[in-house]
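**Q** Going line by line, the protein sequences match chains A and B.
Counting with the working numbering, you get residues 86 to 665 for the letters of the first sequence.
Counting with the working numbering, you get residues 11 to 340 for the letters of the second sequence.
Just so you know, even glycine gets a beta-carbon here, dropped at the ideal spot from N, CA and C.
All values derive from a computational prediction rather than experimental measurement.
I have a structure I would like to understand better, so I am pasting it below and will then ask my questions one at a time.
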Amino acid sequence: MLRTLSGWLLVLTAALTLAGCKSGGNRTRSTDGAMKIEGSGRLPPASRRRTPQNGGVFRRPLAAEPGTLNPLLATDQVSYLVYKWIYDPLVDMDRDQHFVGVLARSWEISDGGRQMTLHLRKNVRWHDGVPFTADDVVFTFRAMAGKNVDDPAWKGVADRIAHVRKLDRWTVLIEWKKPYAPGLADLILYILPRHLYETDKGDLNLNDNPWNFKPIGTGPYEFESWQRGQSITLKANPHYFKGRPHLDRLVFRILPDSQSQYAAFLTGHLDLARLSPGLLAKARTDPSFVGHAHLFEYMSREFFYMAWNENGSNPFFRDRRVRLAMTLALDRKGVVEHLLHGHGVLCSGPFFPGGWAADPAIAPVPFDPARARRLLRQAGWRDSDGDGWLDREGRRFEFTCLYPEEADAFRRFLALFQQDLKQVGVKMDLAPLEWNTFLQRTSQHRFEAYLSGYTMGDDPNPYAMYDSREAAILPDGSAAGANDVSYSNPQMDALLKAQLVEMNRRRRQKLLWKIHDIIARDQPQSFLFIPTTLAAVDKRIQDVEPSSAGYGLFSWYPSALRWWVPARLQEAAPRPGEKK
Amino acid sequence: MKATTGLIAFTFRRTLLAVPTLILITMLIFAVMKLAPGNPFSALRAGRQRATEAMPHSDYQSMLHRYGLDRPWYLQYESWLSTLLHGSLGISFSEHRPVLDILKERLPYTLLLNGLALLFAVATAFPAGLIGALRKGGRFDRWSGVLLYGLYSVPAYWLAVLLIIAFGVKLGWLPFYGAHSVVESAGLRGVFDVLKHAILPAITLGVGAAAFLSRFFRSSLLEALGADHVRTARAKGLSPVKLFTRHIFRPSLVPLITLAGLLVPELVAGSVVIEPIFAWPGIGTLYLHAIYSRDYPVIMSVALLGAVMVLAGTLAADLGCAVADPRLRS
């Protein structure tokens, strides 16, 4: 999935500005019974029993204006939130992170995982009435690999694929350059209409095609209008191959500020709002909120972590014991409780907790400063001059931690961690950096430690993060891969390689569990926590269900296609101002 | 007659001077922008966009090359300038369409907002400064001073949230996001609809300027009131109305006009902060995103526009002063 700075940093910043005001730490999650939070589990039975009715509108906020509605060109999360209803992918993730066919009805893997045969749906038409065929699929792959096509997010996929061939009108053969176990995740590819994106001469016409802004797809919703800087409206596709979606319209209102989003939700102008933990505490005492909000809490797919550079300007973090001591010394639970009001889950590795790639037997490293102190002593760190800070060979244990300055929340996390590390005699200095500067410094490995977030991919493949060759620096100073901590372990390299070509999911799972185990022992990073998302949905909307795998309310199939509004509530008149 | 030609020559001279200033400003901004780390593709290259992988290095290089981003900054500036002279502002990296089209949609909103903010500032500052000066040390003078300076020192973000809660949520009188209602109305009603949406952001944007202007106007009025020629005029029995319009009001107007013109840059800068809060579809919101995503053509275009607006504001202020005070024309 895609992510941008505005997608998470800004939201979190704004959100926690409020949350941080009251960090008394005495809040528990289940104190007031005023509202029930729906987790990723079951729905209240009442809403399940009724038959869905067609009609009604769903209005949601967008944090920014989408750059384009062309799925290949888009690099931001907000574009995805819109185009995913207009276009269909070949396959998609369901609620529990299993692959389901969308435009592809079924598929077979052959040649040891190098080839895949896709059988396409036959009853699909583009919104302009033209039938969808294998030509569109082949074309989309061709466009993806196009030299002059601005699709940076897809270049990696294009580089892996050898070729794509049409076998007949409804069958496509995809061939990877070498066997590639995560291949199915590459097929969460939204298919473009060839008849609109290819010129008469057969050339690609992607970058400034006017259809990028009034897209024609095969998806459940048709594009209706785009008022620049204001809103995008989609209307139900009556001919959708799975049947018409229940909601008549989806309206996306561009509303960057989370405070304004909340206010718009309160006054009934929006049907969805994301809440910060602090805002939730306030909202729960507001009858106008409680009266019409259905609250959901679910894990996102983003974890926060501290990276320790093993190849930095100091040698501190090359020692496994020191890295483990760092994790042991950080009171991650304290941060979740005090700064996130309990709305977060500790994690033990780069895999989604409860997902198939994560070994359920591996628990997060406990908070244990005493053991951290012992490990540091074993590694030769002592306070020989009695100044309260550890030292070794005349050098004090002091390092600088970088973080993106736009993420005010990170500053708060780090302020607490600074105290935690002081307890074990380690001095951490902080250096906030502007986002692009931060990216540059970390991707060129010019750091000692940093705090950041990471969004898990649709496939759990951890290759780029831990393979020793991915730590190389290229002649122009940029990194070969995502292994910015310069982690190197031959056993890990072998496992990473093996899981990449293991097509059997059970056997691949075993390999990934071993990788998880090594990560837990070696602590190349300190895994902190996954913040949970708090979302309020208007009570009019029925059958809303969050994903159990971190995909939230929307980013899985079919999610909102099941949503509906009872006929009597379909007049979505904004409530007047609330007076108490 | 002579006065008019003088004024025209003055305008001409000032406009001509603005051209090298503009080139210098844009060159400076371009250099600073290029010095800042990153480029439109660096976030994708760094691999924090797609979770498992970064954009392959070769693709990254070829994208940089295709857009000429691998050349030295002064060559890039040169091609930007030549594109500009051909009447184009370039193509946005993140929106994949001409920047001119984007600005055409956004600029009217920002102009409207800034115009209203300035109007609000002057309309508040004028009576407040006047009454404050005439009843110096009186109850109104003291309280308006405290109130306006309080508002002046309040962070705009906080004030915006307060206004939203009070007038948008609790009272429900005014819309607080976007520029149009969900159900669009046409014609005159549409205009009123937009104006209604502009009230809260314009007040937030203009409040600082209002405070500043009113105190400034008050003190320059006071200065004029105490001037020797005013005392003389009063002594020779000039009617209070004539005294005021001829000898007090006009000279105190000069600094006010200058200031109002110089406030334009401040308002333009304020738009960047205020617009996103109210989801106002102007160039402020656009600019913020462009900076984060290193959308060079958009950054440069907005910067150019800002520079033009600032220069135009200063020019207008100078002209206003020249009209009000003939001595300044030479």
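Residues of the region 227 to 240 of chain A in Cβ contact with chain B at a cutoff of 8 angstroms, in chain order, please.
**A** The residues in question are Lys232, Asn233, Asp235, Pro237, Ala238 and Lys240.
**Q** Which residues bound the alpha helix (DSSP H) around Glu88(B)?
**A** Element bounds for Glu88(B): Trp83 to Leu95.
**Q** Determine whether the Cβ of His324(A) lies closer than 9 angstroms to any Cβ atom of chain B.
**A** No, no contact with chain B.
**Q** Name the DSSP beta bridge partners of Met384(A), please?
**A** Answer by DSSP bridge pairing, in chain order: Thr617(A).
**Q** Should Phe614(A) go down as buried or exposed, given a rule of 16 or more other Cβ atoms within 10 Å for buried?
**A** So Phe614(A) counts as buried.
**Q** Between which residues of its own chain and Leu269(A) is the CB-CB distance below 7 angstroms, once the five residues before and five after are set aside?
**A** For Leu269(A), where only same-chain residues beyond five positions count, the Cβ hits under 7 angstroms are Val176 and Phe184.
**Q** Tell me the residue span of the alpha helix (DSSP H) that contains Val318(B).
**A** Note, Val318(B): alpha helix (DSSP H), Tyr306 to Ala334.
**Q** Should Gly473(A) go down as buried or exposed, given a rule of 16 or more other Cβ atoms within 10 Å for buried?
**A** Label assigned to Gly473(A): exposed.
**Q** With DSSP as the reference, identify every bridge partner of Ala358(A), one or two as the case may be.
**A** Ala621(A).
**Q** What are the residues in the region 326 to 355 of chain A lying within 8 angstroms of chain B by C-beta distance?
**A** Here the close residues are Val336, Arg338, Ile339, Leu340, Pro341, Asp342, Gln344, Ser345, Ala348, Ala349, Leu351, Thr352 and His354.
**Q** Between Arg408(A), Asp288(A) and Asn155(A), which has its C-alpha nearest Pro295(A)'s C-alpha?
**A** Selected option, being the one with the closest Cα: Asn155(A).
**Q** Using the DSSP secondary-structure output, state which residues sit across from Ala392(A) in a beta bridge.
**A** Per DSSP, Tyr535(A) and Gln610(A).
**Q** What number of angstroms, rounded off, separates the C-alpha of Tyr383(A) from the C-alpha of Trp153(B)?
**A** Distance between the alpha carbons of Tyr383(A) and Trp153(B): 50 angstroms.
**Q** Using a threshold of 9 angstroms, state whether the C-beta atoms of Pro211(B) and Leu121(B) are closer than that.
**A** Contact flag unset, no.
**Q** On the criterion of 16 or more Cβ atoms from any shown chain inside 10 Å, does Asp623(A) qualify as buried, or is it exposed?
**A** It is buried - the Cβ of Asp623(A) has at least 16 other Cβ atoms within 10 Å.
**Q** Give, in chain order, every residue of the region 281 to 293 of chain A whose Cβ lies closer than 7 angstroms to some Cβ of chain B.
**A** Taking 7 angstroms as the Cβ-Cβ cut-off against chain B, the residues of the region 281 to 293 of chain A that qualify are Asn292 and Asp293.
**Q** Under a Cβ-count criterion, where at least 16 other Cβ atoms within 10 Å of its own Cβ denotes burial, should Asp69(B) be classed as buried or exposed?
**A** It counts as buried.
**Q** So, helix, strand or coil for Phe639(A), using DSSP?
**A** Coil.
**Q** Need the endpoints of the alpha helix (DSSP H) that Leu252(A) sits in, please.
**A** Where Leu252(A) is concerned, there is no enclosing alpha helix (DSSP H), although the beta strand (DSSP E) it sits in stretches over Ile246 to Asp253.
**Q** Any idea what DSSP makes of Leu413(A), helix, strand or coil?
**A** It is helical.
**Q** Quick one: which chain B residues come within Cβ less than 7 angstroms of Trp520(A)?
**A** By Cβ distance, chain B contributes Tyr302.
**Q** Taking only the alpha-carbon atoms, compute the straight-line gap between Val420(A) and Gln71(B) and give it to the nearest angstrom.
**A** Rounded to the nearest angstrom, the two C-alpha atoms are 41 angstroms apart.
**Q** Quick one: what's got a C-beta closer than 6 angstroms to Arg250(A)'s C-beta in the same chain, skipping five residues either side?
**A** So the list reads Leu258, once near-sequence residues are dropped.
**Q** Within this structure, are the beta carbons of His601(A) and Asp468(A) separated by less than 9 angstroms?
**A** No, Cβ-Cβ distance for His601(A) and Asp468(A) is not below 9 angstroms.
**Q** Is the number of C-beta pairs between the region 239 to 257 of chain B and the region 308 to 315 of chain B that are closer than 8 angstroms three or more?
**A** The region 239 to 257 of chain B vs the region 308 to 315 of chain B: no contact.
**Q** In chain B, which residues lie less than 8 angstroms from Asp623(A) when you measure between Cβ atoms?
**A** In chain order: nothing, as chain B lies at least about 15 angstroms away.
**Q** At 7 angstroms on the CB atoms, spell out the chain A contacts of Phe20(B), in chain order.
**A** Those do not exist, as Phe20(B) stays about 39 angstroms from chain A at its closest Cβ, beyond 7 angstroms.
**Q** Any idea what DSSP makes of Asp177(A), helix, strand or coil?
**A** Asp177(A): strand per DSSP, three-state reduction.
**Q** Could you please give the first and the last residue of the uninterrupted beta strand (DSSP E) stretch that includes Tyr282(A)?
**A** Premise fails: Tyr282(A) lies in the alpha helix (DSSP H), Arg279 to Tyr282, not in any beta strand (DSSP E).
**Q** Looking only at C-alpha atoms, which of Asp235(A), Arg190(A), Arg206(A) and Leu147(A) sits nearest to Ile101(B)?
**A** For the residues Asp235(A), Arg190(A), Arg206(A) and Leu147(A), the minimum Cα distance to Ile101(B) belongs to Asp235(A).
**Q** Counting contacts by CB-CB distance shorter than 9 angstroms, is Glu656(A) in contact with chain B?
**A** Answer no: the Cβ-Cβ gap between Glu656(A) and chain B never drops below 9 angstroms.
**Q** The region 140 to 152 of chain A: which residues have C-beta closer than 7 angstroms to a C-beta of chain B, in chain order?
**A** Taking 7 angstroms as the Cβ-Cβ cut-off against chain B, the residues of the region 140 to 152 of chain A that qualify are Ala149 and Gly152.
**Q** Which value, in whole angstroms, describes the spacing of the CA atoms of Phe639(A) and Phe495(A)?
**A** Near 27 angstroms, if we compare the C-alpha coordinates of Phe495(A) and Phe639(A).
**Q** Between Pro267(A) and Asn589(A), what straight-line distance do the alpha-carbon atoms span, to the nearest angstrom?
**A** About 11 angstroms.
**Q** Which residues, taken in chain order from the region 520 to 539 of chain A, show a beta carbon closer than 9 angstroms to some beta carbon of chain B?
**A** Going along the region 520 to 539 of chain A in chain order, one finds Trp520, Asn521, Thr522, Phe523, Leu524, Gln525, Arg526, Thr527, Ser528, Ser537, Gly538 and Tyr539 with a Cβ nearer than 9 angstroms to chain B.
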